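Visitor:
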Amino acid sequence: MMKKEFEEPIIKEVYKYCDNNIGETILFTGFVFAGFDGLNRGEANSQDLTNLVSNILLNLTEKGILTEVRQKENEFIYPFYKVLYHEKLIPESKRR
Numbered sequence: 364m365m366k367k368e369f370e371e372p373i374i375k376e377v378y379k380y381c382d383n384n385i386g387e388t389i390l391f392t393g394f395v396f397a398g399f400d401g402l403n404r405g406e407a408n409s410q411d412l413t414n415l416v417s418n419i420l421l422n423l424t425e426k427g428i429l430t431e432v433r434q435k436e437n438e439f440i441y442p443f444y445k446v447l448y449h450e451k452l453i454p455e456s457k458r459r
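Written as structure tokens, this is what we have:
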């Protein structure tokens with residue numbers, strides 16, 4: 364289980380990535396496990412990252428924000444499967 368202190372920077376990076384790559388109803392995304400700023404391989408394993416990213420993107424899919432998740436060329440993709448609200452991605456009107 365990943366510690367909260369390591370989750371928060373990852374969550375921010377995932378949302379930042381999504382904000383920069385989202386378009387209409389399709390999100391092109393993928394994550395290569397190379398660690399994020401302030402996080403190295405010794406602090407979290409790839410399964411922890413997979414689970415965290417999956418939870419974020421599943422949430423967006425369940426909310427109807429995303430209808431399709433596709434691999435971006437030359438990137439590894441994990442199965443993207445809670446609520447982590449994010450103003451830019453989930454407008455107030457779509458929050459339940």
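Heads up, the sequence shown is in my numbering, so the first residue is 364 and it goes up one at a time.
Glycine is no exception: its CB is placed at the ideal position from the N, C-alpha and C atoms.
In this text, all values refer to a predicted model and were calculated from it rather than measured experimentally.
Go ahead and label Asp400 buried or exposed: buried means 16 or more other beta carbons lie within 10 angstroms of its beta carbon, across all protein chains shown.
Guide: The residue given as residue 400 occupies position 37 in the sequence shown. Note that Asp400 scores a pLDDT of 47, beneath 50, so its modelled location is shaky; the value from the coordinates is reported in the next line. Exposed: under 16 other Cβ atoms inside 10 Å.
Visitor: What do you get for Asn383, buried or exposed, if any count of 16 or more other CB atoms within 10 angstroms of its CB means buried?
Guide: As a first step, residue 383 must be located in the sequence shown, where it is residue number 20. With fewer than 16 other Cβ atoms within 10 Å, it is exposed.
Visitor: Can you grab the Cα-Cα spacing for the pair Asn418 / Val377, in whole Å?
Guide: Position 55 of the sequence shown, counted from the start, is the residue given in the question as residue 418. Position 14 of the sequence shown, counted from the start, is the residue given in the question as residue 377. If I take the Cα positions, the gap works out to 11 Å.
Visitor: Write down the C-beta distance between Leu423 and Leu429 rounded to the nearest angstrom, noting that I regard them as a contact closer than 8 Å.
Guide: Here residue 423 refers to the residue found at position 60 of the sequence shown. Here residue 429 refers to the residue found at position 66 of the sequence shown. Contact flag correct, Cβ pair sits at about 5 Å.
Visitor: Helix or strand or just coil, what does DSSP make of Leu423?
Guide: Taking the sequence shown and counting its residues from 1, one reaches residue 423 at position 60. If DSSP states are grouped into helix, strand and coil, Leu423 belongs with the helices.
Visitor: Output the distance between the C-alpha atoms of Lys451 and Leu420, rounded to the nearest integer angstrom.
Guide: Here residue 451 refers to the residue found at position 88 when the sequence shown is read from its first residue. Here residue 420 refers to the residue found at position 57 when the sequence shown is read from its first residue. So the two alpha carbons sit approximately 14 Å from each other.
Visitor: Quick one: Cα of Lys361 to Cα of Ile374, how far?
Guide: No statement about residue 361 is possible, as the shown extent of the chain runs from 364 to 459 and does not include it.
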